[in-house]
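Engineer: Same order as they appear, the protein sequences are chains W and E.
Counted the way my numbering counts, the first sequence spans residues -12 to 397.
Counted the way my numbering counts, the second sequence spans residues 2 to 288.
The C-beta atom is built at its ideal place from N, Cα and C for all residues, glycine as well.
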Amino acid sequence: MTTRRALIKAAAILGLPRFAFAQKRPIRIGFVSPQTGALAPFGEADRFIIEQMNKLFAADKKTEIKVLQKDSQSSPNRAGEVANDLILKEKVDLVLVSSTPETANPVCDACELNEVPCISTVVPWQPWFFGRNGDPGKGFEWTYHFFWGLEDVIGNFLAGWKSVTTNKKVGGLFPNDGDGNAWGDKERGFPKPLQAEGFTLIDPGRFQNMNNDFSAQIAAFKQVADIVTGVVIPPDAKTFLTQARQQGYRPKVVTLGKALLFPGAIEALGELGEGLSTEVWWSPSHPFKSSLTGQSARQLAESYESASGRQWTQPIGFAHALFEVAVDSLHRARDPHDKKQLRDAVAATNLSTVVGPVKWGGGGPFKNVSKTPLVLGQWVKGKKHRYELVIVSNHAAPEIPVAGKLKLIS
Amino acid sequence: MLSFLDTLVQGVLLGGLYALFALGQSLLFGVMRLTNTAHGDFIILSAFVAWSLAVVTGSPWLALIVLLPLAFAGGYLLQRLVLNGTIGKDPMRSLVVTFGLAIVIQNVLQQIYTADPRSIDSGGLNTATFQLAEGFSIGALPLLIFAAALALTVGLQLLFDRTDLGRAFRAVSDDREAAELMGLDHRHVYALATGIAFLVVAFAGTLHGMKTTVSATDGPSLLLYAFEAVIIGGMGSFYGTLVGGMLLGVTQDIGFRIDPGWGIWTGHVVFLGALLLRPSGLFPRTR
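Spelled out as structure tokens, the structure:
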């Protein structure tokens, strides 16, 4: 560590005479994510990533980069407010935003309105695109997004369920929020593809988040559904799973979005957490490398674990990749201080990042969306940590290795 | 028939949970008209403290035993040092102060416990179950929550009706000045009431933490049902609060069975209906 720091210092001294051409003001990057409030688990690793970046940027003499971090406080209003602050007061050149439609959408809208280039991630592309009233014909001018979509979740869940023997009856837990309504939507959501693959979906209807009683759903699923799916928040997952046990309902497969992403949430479930399955956007076993540090996914996760003393989480890779895309675009832009040129550089991105390749105008459904691979994982008792996420199905992204098969819950 | 019975039983058990949330609020409301908007956050706070104690002591029940005196002392001091200053003709002051407390609690909890959801390990009690008939079973933990709500209701009502302390509570509630003339120190009486209310909060927090996961910002969502149960039941009556909780739980559960989106709504409709027909609640005891 000391040698590295000494090296950076030495480089800074050696670089002194070149200050003449670095006299232009530094590039300012605004970064918005939820640091506090209900969505805070998503933003937990951001501080670590920004520290990592500040070290890198300090050593980069070609372009001087300054990162300004803002907290959305898990509120869409606050997210829009801090985005306007960044754009109008701090005069940032580029905005990065991550984690849930509640954070990314208002920030992207502010950037679109003020004509500031913006890169966003960690929102399935449907709520990001359609949630902002995107016109598929025109797309957006200033905002670019990389992540996966609902079709990938459905594909992965189905592939997992088809690999085990069940009665193909699926109980759906879709709350009355942005995600729940999208997943349960008759046209764009789960019902159609499930039917096409011979699965029957039992959907009792939308419910409110922070529900205290799931007896109605349990009564509808009991003695019918072998599989339970949905997109619920952690307390609702715990209430449902506990009540299901109490009322004698034991599904063979439970595959939930959102609630099972973070190891902390699984630990809070206790014994009920074992064998639950969920979508995996990024893991240490993803075969990708950072274009900035050269770290593999595993090395990045390990450096987080040793720095924080906590188990890795999926947003780490995406927070890192945001900066990969940002720095790559800044270096390619002829004049990064010119917003149009920087935007064009972002749009022309074709970069292999720690979360997979990012390229706009090609692989995604629209010119503003670049899709990253998605696989299915299952939480099992681990060696290093209490529960570990093991990849059990990779039908959509065969380059990501599987480490096991989906097991039925005992 | 069985499914109707199931709905009813699950609704009553849910009502027990709401009553447990509401009893502490009912006491504060009944004795000093204090609208504690941080009530839900205090439940979450006690759930986190119980979680920490359970990790240290290794048993949730030991944790609860340690938590109870802490909660009483915390409640007493909070009332004596902070909330007593807000009580008066203007309800705005206590509203604003407790609202501020709610924000402070949420952020302090997040600072200490991070944003991870936590759950108190009940040693398998949360999944233990009694089968009453084929396809109809009830959980041990909801039953325990219900029993706790019932016992605390009876206990509080007896305390209120039969003891000197209860008489003091009723006296300062009915006419503070007259009670002062009789030698009661209302600040001390209020603080005792809050201390006792926090004992109930400690029970509610610990059991809630076993039932589901808690995270720092969950408090406000618990407040609403507690409020509704108190209002439906009528001020100063703990039996009323219990009945209010039951009514809320059962109507919500019937609503849930019709459509999962309806449960909360039918609960609110019953609340509004009660407010319309009996503005002072079903069994009001104090003015």
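(1) Which one of E:Phe5, E:Leu24, E:Leu18 and E:Ser4 has the shortest CA to CA distance from Gly234 of chain E?
(2) Can you find a CB in chain W that lies within less than 8 Å of the CB of Gly140 of chain E?
(3) Counting only beta-carbon separations shorter than 8 Å, does Arg193 of chain W have a partner in chain E?
(4) Examine chain E for any beta-carbon lying closer than 8 Å to the beta-carbon of Ala27 of chain W, and answer yes or no.
(5) Classify Lys212 of chain E as buried or exposed, calling it buried when 16 or more other Cβ atoms lie within 10 Å of its own Cβ.
(6) Is the shortest distance between the beta-carbon of Asn108 of chain E and the beta-carbons of chain W less than 8 Å?
(7) Could you tell me which chain E residues have their CB closer than 7 Å to the CB of Arg34 of chain W, listed as they occur along the chain?
(8) Answer yes or no: do Leu73 of chain W and Val82 of chain W have a C-beta to C-beta separation smaller than 8 Å?
(9) Val356 of chain W to Lys42 of chain W, Cα distance in whole Å?
(10) Who are the neighbours of Asp200 of chain W on chain E, taking C-beta pairs under 9 Å?
(11) Drop a sphere of 10 angstroms on the beta-carbon of Glu89 of chain W, count the other beta-carbons inside from all chains shown, and report buried for 16 or more, exposed for fewer.
(12) Once the 5 residues before and after Leu79 of chain E are set aside, which same chain residues still bring their CB inside 7 Å of it?
(13) To the nearest angstrom, report how far apart His187 of chain E and Asp176 of chain E are at their CA atoms.
(14) So, are the CB atoms of Val215 of chain E and Ile88 of chain E less than 8 Å apart?
(15) Lys48 of chain W to Gly281 of chain W, Cα distance in whole Å?
(16) Which one of W:Ile52, W:Glu128, W:Phe227 and W:Trp366 has the shortest CA to CA distance from Asn101 of chain W?
(17) Taking a contact to mean a Cβ-Cβ separation below 8 Å, would you say Phe186 of chain W touches Lys209 of chain W in this structure?
(18) Given this structure, state the Cα-to-Cα distance separating Gln39 of chain W from Ser295 of chain W, to the nearest angstrom.
(19) Identify whether Glu258 of chain W lies in helix, strand or coil by the three-state DSSP scheme.
(20) Suppose you measure from the CA of Ile36 of chain W to the CA of Ala306 of chain W; what does that come to, to the nearest Å?
(21) Can you pull the chain W neighbours of Gln111 of chain E, defined as C-beta to C-beta under 9 Å?
(22) Ignoring anything shorter than 3 residues, give me the beta strand (DSSP E) runs that lie fully in the region 157 to 212 of chain W, in order along the chain.
(23) Decide if His209 of chain E is buried, meaning its Cβ has at least 16 other Cβ atoms within 10 Å, or exposed.
(24) I need the DSSP call for Glu229 of chain E, collapsed to helix, strand or coil.
(25) Would DSSP call Tyr77 of chain E helix, strand or coil?
(26) Would you mind stating whether Asp80 of chain W and Leu329 of chain W have Cβ atoms separated by less than 8 Å?
(27) Quick one: list the residues of chain W neighbouring Ala1 of chain E, beta-carbon separation under 7 Å, in chain order.
(28) Please specify which runs of the alpha helix (DSSP H), each continuous and at least 4 residues long, are wholly inside the region 110 to 147 of chain E, giving them in chain order.
(29) Shorter than 8 Å from the beta carbon of Gly282 of chain E to some beta carbon of chain W?
(30) Here's a check: name, in chain order, each residue in its chain whose Cβ is nearer than 6 Å to the Cβ of Phe137 of chain E, leaving out the five neighbours to either side.
(31) Over what stretch of residues does the alpha helix (DSSP H) that includes Glu289 of chain W continue unbroken?
(32) Can you name the residues of chain W whose CB is closer than 7 Å to the CB of Gln132 of chain E?
(33) In chain order, which continuous runs of the beta strand (DSSP E) of length 3 or greater are located wholly inside the region 11 to 42 of chain W?
(34) Expressed to the nearest angstrom, what Euclidean distance is found between the alpha-carbon atoms of Arg168 of chain E and Thr154 of chain E?
(35) Just the chain E side, please: which residues come within less than 8 Å of Ala163 of chain W by C-beta, in chain order?
(36) Is there at least one Cβ from chain E nearer than 8 Å to Ala206 of chain W's Cβ?
Structural biologist: On the basis of the coordinates in this document:
(1) E:Leu24
(2) yes
(3) yes
(4) yes
(5) buried
(6) yes
(7) Result: empty, since nearest Cβ-Cβ is about 12 Å, beyond 7 Å.
(8) yes
(9) 30 Å
(10) Gln11, Gly12, Leu14, Leu15, Leu18, Gly250, Gln253, Asp254, Phe257 and Gly264
(11) buried
(12) Thr195
(13) 10 Å
(14) no
(15) 19 Å
(16) W:Glu128
(17) no
(18) 13 Å
(19) helix
(20) 7 Å
(21) Thr23, Gly24 and Ala27
(22) 187 to 189
(23) buried
(24) helix
(25) helix
(26) yes
(27) Given a span of 2 to 288 for chain E in the structure shown, any question on residue 1 of chain E remains unanswerable.
(28) none
(29) no
(30) Leu3 and Asp7
(31) Ala284 to Ser295
(32) Gly235
(33) 14 to 20
(34) 17 Å
(35) Going by the sequence as given, residue 163 of chain W is Asn instead of Ala. Here the neighbours are Gly262.
(36) yes
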